[in-house]
Amino acid sequence: MARNKFGVHPYIPNSVPEVQKEMLRDIGVKGIEELHATIPERLRFKGKMNLPEPLLSEFELKKHVEAVLSRNVSCREYLSFLGGGCWQHHVPAVCDEINQRSEFLTAYAGEPFEDHGRFQALFEYESLMGELLDMDVVNVPTYDGAQAAATSIRMASRITGRDHVLVSDTLSPDKLLVIRNYCRSDLKIELVRHCIRTGRVDLMDLKRKISGRTAGVYFENPSYLGFVDDQGEKISDLIHQAGGISIAGVDPVSLGVIAPPSQYGADIVCGDIQPLGIHMHFGGGHGGFIATRDEERFVREYPSRLFGIEETSVEGEYGFGDVLYERTSFANRDKSKEFVGTAAALWGITAGVYLALMGPKGMQEIGKTIMQKSQYAAGRLCEIRGLSLVFPEAVFFKEFVVDFNKTGKSVKSINAALLREKIFGGVDLSRQFPEMGQAALFCITEIHTKEDMDRLAESLRKILGRRRKARIAKKGR
Amino acid sequence: MGMDMRTKVRRFHQAKWDEPVIFELSNKGERGILVPRAEKGIEEAVGDVISKLPRRLRRKTPPNLPELSQMQVLKHYLRLSQENLGADFNVDIGQGTCTMKYSPKVNEHFVRSPKVSALHPLQDESTVQGILELMYKTDLFMREISGMDQFTFQPASGSQATLAMASLVKAYHASRGESEERDEIITTVFSHPSDAAAPAVLGYKVITVYHDESALPDLQALKKAVSKRTAALFATNPEDTGIFNPRIDEITKIVHQQGGLCAYDQANANGILGLTRAREAGFDMCFFNLHKTFSSPHGCGGPGCGAMGVTGELSEFLPVPVVCFDGKKYFFDYDVPLSIGKVRSFYGVVPAVLRAYAWIMSLGSEGLKEVARVAVLNNNYLLKKVKEIRGASAPYAEGRHRIEQVRYSWEAMTRETGVTTEDVTCRMADFGFHMWSSHHPFIVPQPFTLEPTESYARAELDEYLAGLRKVSEEAYTNPETVKTAPHRSVTHRPGHGNLDHPDKWAVTWRAYLKKCEKNFRKRIV
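Residue numbers (the numbering used here), protein chains in the order written: chain X, 66 to 542; chain L, 1368 to 1892.
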């Protein structure tokens, strides 16, 4: 038997040489190499993988990884006003407690009876989201809000048999990249202009672009740029008149105070669950939802798993299972609706826990708190000379766009100065929306205190004042 | 009294709480958590604000969410968690193809640190040098393991990585003006369903090659399928049967000769780490599921990561951004000339990347090979013993060793006793085990697929085998016990046709209540 050069490793019980020897004897071979004999010599990797020497003890590993991670500065250390698709909200301790449970964390694809907990928790997630969205069908989460939008668009296309889709041009450019890639082969994605003062969809432009080929319109409320659009009903009417589908993206944490899109005509509602009790994780905390009415033509077009409540062979016992499993790629490979697989189930369970904790009151209160705080912050920033809102007539939820053009400074340099004050300024939009010039998207949530927002305003005043002072000094000379 | 160490069969019973659906636990007025309110100064400055919302945008009635106190929410979900088997509890070798291995706890400590969990993806790069370094180095590690030249961690699963590969194939042929005529993707029937389904989303016609009597893709059929219309081959090796295809390089060569690309689904690479690579087999791209081979936990079905690697020739098509290092600092590079764009928000599931990094660092090059060696040892040990169980067989490749998994069959048992794979699955749950069948279609009759990975001790494999043996014995002596199982799981067999009928299916509690009210179905409790 070839010697095991590696030694015994705590993650590999059968790395013990004596055990290996006995197992090999049971199999009837002399060495493990024989078991790999089906791999021909010419396909063998002869070199050595150039990997660092292993850190075999847990202590050394911990020391190393923590040392590298210590070079990060988190949003708990600095004051952050970043949003733009990933948002810092408070994560209730119970959310973390549940999603770190071994039973949920390390489970995968057990049967409905032995993994009853997973099925029920995800059915409850669907149900809680259903109440928030005022819709009867919600999927087991897909990857993120961008995927949810892309799939909603494809669903609309399949339902109508049409290939043209209109998308509001205030969408996140990254989300648009995901949608374009996902629809690259067969759908034509066209942008609809927005109104310059409010950010809202330009209805004239929408009207002009809707045709008999249009499968649907996708718009967001609140939008990527923070404002809300009160024309949902009109948008939905316009697309319905043309036989298309109204698709709305929504921030679920706004729905305690803002009406869900189902109440103003949207047929498919989608978005991201990260705000619902999930940490930011450097962008790793996303999950996408898709909701519709309980109509067969919609349900049949979901690619996702849909867990439904079912009886079992025992009277009075709850069971759960897949609704219309035949839709999925698990059942029908390339003849399925798109594809399904591992996505974001653990975050779905977590978002369910969040909504159960919050209840109707919690969702109302958080919505109100966020709106009050964000309007306050915007007001404070607009007091600073040279600053104004890009959409002065818009009502916004938790994000708003600040116009820095009159300051003579770039957002990049302002953010660099804020960074020195231990503040992460707003998302720089100057490359994403060049027509706005120097503009930044600020995000305020329930975690920001009055003191935080005052500090931001003071820091900005200082940073922008510096320049003005310098200019005045120069002129004087 | 502990378990009988002689028979190794546990008198298991899973927790059963008979837990109501959370809406049934609601008590009006209770609160699970309180949220911060705007301070007085804010209220004074801006008012209640809600009245600023256009009337038609105001929510008129609060969402009908349940109302529970905090401990009651906790208790409800803890009970549900107890009604779930996880890899940390059972001998989780019954979910073949999914590489259920140990997810080290220390790695969970890393990802839960605010130094990771409280990072916003758009922070200034100078404040995320630690996490960027780990992402960059994991890319370097993956290059060594695969022989590819650059990786992206953006796809959030194997299926999304498959979609990313298909997107890349499309962009590659488009860049050569051949996108229109190259409209076919070839895959094999023992490859994952997503290898067929994801390319189909991009409009590809999918040709599925079946296997010959050795269970390997039929080379003649494959040759016939390849043409100037071939955009790419999407395949696994070993496939779900665990049989390594020794002619894989011949196949990639055939595809290349016709101008197609070769994409390697290495979601599960557990049995070949460090032994054979995508590069040597002639592939142009591949992906690894970090939640399979590289130990990130499965989380009931995500979040995961499909780390996708490509040869240098294809790196200009990668999704943006890629993580780079200029010798001093790490940074995101958005300047990828022919990029497919994006497949997921930001940079993918970064915690999974961190876990993979820590896992690789805990093993090193020899350790990874030991993982593959022991995965193969465990699998062939299991193969030897399963074949000795009455009614079980391992179709194909008689006498040959398998790599990391085997697709077995209960065909003989079904013929002899009427007990099916589904029945065995149900009965195995009574002993605390999960036994999965296989992906559709069921090419192997009455299939079950076991993959013991490197994480389970011989004693655990023996315990699982004892479970299989026990159920087989029952099938031959007392089949009713098996056919009416599970008896000691959380619940019993579901399935009364409610899930496929539009009037009856209920994906939410509210839909269920409506359908009960309309008498389309009856209340369960």
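By construction, the Cβ of each residue, glycine as well, lies at the ideal position given by its N, Cα and C atoms. Since the model is a prediction, treat every value here as computed from it, not as a measurement.
Sequence-distant partners of ILE1639/L (beyond 5 residues in either direction) whose C-beta falls short of 7 Å from its own C-beta, in its chain, are ALA1739, ILE1770. Boundaries for GLU1830/L: no beta strand (DSSP E) harbours it, while the alpha helix (DSSP H) harbouring it runs 1825-1844, taken from the DSSP string. Interface with chain L (7 Å Cβ-Cβ cutoff): GLU118/X is included. For a Cβ distance threshold of 7 Å, residue set ASN1451, CYS1667 of chain L lies close to ARG183/X, ordered along the chain. Residues of chain L whose Cβ lies closer than 7 Å to the Cβ of MET501/X do not exist; the shortest such Cβ separation is about 17 Å.
Scanning the region 446-522 of chain X for uninterrupted alpha helix (DSSP H) segments of 4 residues or longer gives 476-485, listed from N- to C-terminal end. For TYR329/X, the C-beta contacts it makes with chain L under 7 Å involve ARG1423, in order along the chain. Contact between ILE310/X and ASP332/X holds, since their C-beta atoms are separated by about 5 Å, short of 8 Å.
Here GLY491/X has PHE146, ALA505, LEU506, PHE507 as same chain residues with Cβ atoms under 6 Å from its own Cβ, once five neighbours each way along the sequence are excluded. Nearest neighbour of GLN1772/L by Cα position, chosen from GLU1500/L, THR1608/L, ARG1711/L, turns out to be THR1608/L. For ARG1774/L, the enclosing beta strand (DSSP E) stretches over residues 1773-1776. Assignment of beta-bridge partners to SER1760/L by DSSP yields SER1776/L. Under the DSSP definition of a beta bridge, ALA356/X partners with VAL203/X, VAL334/X.
Between LEU420/X and LEU197/X, the beta carbon gap of about 6 Å places them in contact (Cβ cut-off 8 Å). The DSSP-derived three-state label of THR1660/L is coil. ASP209/X sits close to HIS351/X, with the two beta carbons spaced by under 7 Å. Boundaries around TYR1503/L are those of the alpha helix (DSSP H), 1496-1513, since no beta strand (DSSP E) includes it. PHE404/X is the residue among ALA172/X, PHE404/X, LEU116/X, SER233/X whose C-alpha sits nearest the C-alpha of ARG392/X. The Cβ atoms of MET220/X and VAL1416/L lie no closer than 7 Å to each other. Here ALA1602/L carries a strand assignment [DSSP, helix/strand/coil].
For the region 468-500 of chain X, residues whose beta-carbon sits nearer than 8 Å to a beta-carbon of chain L comprise ASN480, ALA481, LEU484, PHE489, VAL492.
Our two residues, GLU106/X and ASP228/X, have alpha carbons roughly 51 Å apart in a direct line. Contact of PRO1688/L with chain X is not assigned, every C-beta pair being separated by 7 Å or more. Within chain X, not a single residue places a beta-carbon under 7 Å from that of TYR1775/L; the smallest gap is close to 16 Å. In this structure GLN503/X is in contact with PHE469/X, their Cβ atoms being roughly 4 Å apart against a cut-off of 8 Å.
For ALA324/X, a Cβ of chain L is located within less than 7 Å of the residue's own Cβ.
Residue pairing for GLY72/X: DSSP places it in no beta bridge.
DSSP, read as helix, strand or coil, puts ASN1637/L in coil. According to DSSP, residue pairing for GLU255/X in a beta bridge involves LEU231/X.
Spatial neighbours of SER319/X in its own chain (CB-CB distance under 7 Å, excluding positions within 5 residues in sequence) are listed in chain order as PRO287, GLY432, PHE462. Separation of TRP1876/L and MET1532/L (C-alpha to C-alpha, rounded to the nearest whole angstrom) is 38 Å.
Not one beta carbon of chain X lies nearer than 7 Å to the beta carbon of ASP1829/L.
With 16 or more other Cβ atoms from the protein chains shown falling within 10 Å of its own Cβ, MET1502/L counts as buried. Within 9 Å of the CB of TYR1823/L, the CB atoms of chain X belong to PRO78, ASN79, in sequence order along the chain.
The beta carbon of GLU511/X is closer than 8 Å to those of HIS154, HIS155, ILE431, THR434, ILE435, LYS438 in its chain, skipping five residues each way along the sequence.
At a cut-off of 7 Å between beta carbons, PHE1809/L makes no contact with chain X.
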